[in-house]
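Asker: Using the working numbering, read the sequence shown as starting at 381 and increasing by one per residue. Think of the CB as a built atom: it goes at the ideal place given N, C-alpha and C, for glycine as much as any other residue.
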Amino acid sequence: MILLRYKKAHEKIAMGLLSYMPGEKSVKKLQETMQQYETDEQSQLFLLKDHDDYIGVIGIELEDDAYTVKHLSVNPSYRGEGIGTAMVSKLHELFPDLECRSTEQTERFMKKCMEKEGAD
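#1: Take C493 as the anchor and find which of A466, E473 and I440 has the nearest alpha-carbon.
#2: Kindly give me the distance between the Cβ atoms of M401 and S453, rounded to whole angstroms, as I take these residues to be in contact under 8 Å.
#3: Starting from G439, trace the beta strand (DSSP E) in both directions and tell me its first and last residue.
#4: Taking all protein chains shown into account, decide if T483 is buried (16 or more other Cβ within 10 angstroms of its Cβ) or exposed.
#5: Where P476 and Y447 are concerned, what is the direct C-alpha to C-alpha distance, given to the nearest angstrom?
#6: Using three-state DSSP, classify K387 as helix, strand or coil.
#7: Curious, which full-length beta strand (DSSP E) runs of at least 3 residues does the segment 460-485 contain?
#8: For Q416, which option in G396, Y386 and I393 has the closest C-alpha, if you only look at C-alpha atoms?
#9: Tell me which residues share the same chain as H472 and place their Cβ nearer than 7 Å to its Cβ, disregarding the 5 neighbours each side in the sequence.
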């Protein structure tokens, strides 16, 4: 599995994956979210690719000393397989010197990921 930086060519895939998140259901909201990732240098979106399928998406807001996970979604067909945890781990590899934070929306899931990492 590889974590790839979002490109405009993958917009429909990213929007489809993001639509699984609560609060990102409406097309208008999804378009606003995508616009932010495309225009704001501090907002970065990554897609997780496994073989030929994109199975997850994770979006962050970069700051000087940290990044905040704002969006995290896994294709329902792949849930329960550790995909979300794998994406969080890959972010740690990409940004090893930055603290990882969560939003109210991503907090519960992020805590679960941290517990799993600590158990390994």
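Answerer: So, from the data block:
#1: As a first step, residue 493 must be located in the sequence shown, where it is residue number 113. Nearest C-alpha to C493: A466.
#2: On the sequence shown, position 21 is the one that residue 401 refers to. On the sequence shown, position 73 is the one that residue 453 refers to. The C-beta distance from M401 to S453 rounds to 5 Å, short enough to fall under 8 Å.
#3: As a first step, residue 439 is located in the sequence shown; it is residue number 59 there, counting from the start. DSSP places G439 inside the beta strand (DSSP E), whose first and last residues are D433 to L442.
#4: The residue given as residue 483 occupies position 103 in the sequence shown. Flag for T483 reads exposed.
#5: As a working mapping, residue 476 is identified with position 96 in the sequence shown. As a working mapping, residue 447 is identified with position 67 in the sequence shown. When rounded, the distance between both Cα atoms is 11 Å.
#6: What you label residue 387 is simply residue 7 of the sequence shown in a count that begins at 1. Look at K387 here: in three-state DSSP terms it is coil, with no helix or strand label.
#7: Whole beta strand (DSSP E) segments, 3+ residues: 479-482.
#8: Residue 416 sits at position 36 when you count from the first residue of the sequence shown. The shortest C-alpha separation from Q416 is found at Y386.
#9: Taking the sequence shown and counting its residues from 1, one reaches residue 472 at position 92. Excluding residues up to 5 positions away in sequence, C480 lie with their Cβ nearer than 7 Å to the Cβ of H472 in the same chain.
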